[in-house]
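Asks: There's a structure below that I have some questions on.
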């Protein structure tokens with residue numbers, strides 16, 4: 726069983742963490758400590774309650790209590806209006822982004838339709854716009870490596886081995902010494 730102490734700590738911690746801007750203030754439930762005790766509810770409910778208490782105090786002739794309740798109501802009214810301004814600003818920003826995205830989609834759709842309606846525009850690669858080629862002898866922007874450098878010509882001449890004798894040209898007549906197609910030569914009579 727939890728003690729009331731730990732429950733109290735977690736409640737105050739929760740209020741402290743959620744009280745600093747952000748979040749949905751419009752629907753958040755607050756605990757307001759007014760002159761007549763605690764008032765609990767959403768900002769609009771608290772405003773309505775303090776306005777009712779201010780009217781009651783005014784009818785009873787207590788000007789100090791009336792002013793006090795009105796100040797409490799005004800505090801929650803300011804909180805509520807600030808939260809509403811933030812919500813409106815977020816909504817406007819979201820709408821602006823949606824309009825930009827829609828405009829971009831419309832431009833892309835128009836470009837696709839233009840390309841579909843004019844298929845001969847860039848179909849011929851010879852008619853397509855070509856990039857300019859700049860011929861720069863000095864700096865190609867590449868790094869020189871030993872493999873890319875031209876090989877120097879040697880000044881001394883190399884002696885080469887003589888080639889082996891070329892085989893004799895083949896003739897149509899079969900040779901008597903060499904078998905033709907693996908068969909033995911026929912003897913002449």
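Numbering (our numbering), first residue to last: 726 to 914. Every residue gets a Cβ at the ideal spot worked out from N, C-alpha and C, and that includes glycine.
Could you tell me which of 785, 805, 749 sits nearest to residue 773, measuring between CA atoms?
Replies: When each option's Cα is compared against that of residue 773, the closest is 805.
Asks: How big is the Cα-Cα spacing for residue 875 and residue 869?
Replies: Near 11 Å, if we compare the C-alpha coordinates of residue 869 and residue 875.
Asks: Would you mind sorting residue 812 into buried or exposed? The rule is 16 or more other CB atoms within 10 Å of its CB.
Replies: So residue 812 counts as exposed.
Asks: Following the continuous alpha helix (DSSP H) through residue 789, name the residue where it begins and the one where it ends.
Replies: Looking at the DSSP string, the run of the alpha helix (DSSP H) that includes residue 789 is 788-842.
Asks: Quick one: what does DSSP say residue 874 is sitting in, helix, strand or coil?
Replies: In the structure shown, residue 874 sits in coil (DSSP, three-state: anything other than H, G, I, E or B).
Asks: In this structure, does DSSP put residue 756 in helix, strand or coil?
Replies: If DSSP states are grouped into helix, strand and coil, residue 756 belongs with the strands.
Asks: Hey, would you say residue 778 sits closer than 8 Å to residue 794, going by beta carbons?
Replies: In this structure, residue 794 lies closer than 8 Å to residue 778 by Cβ.
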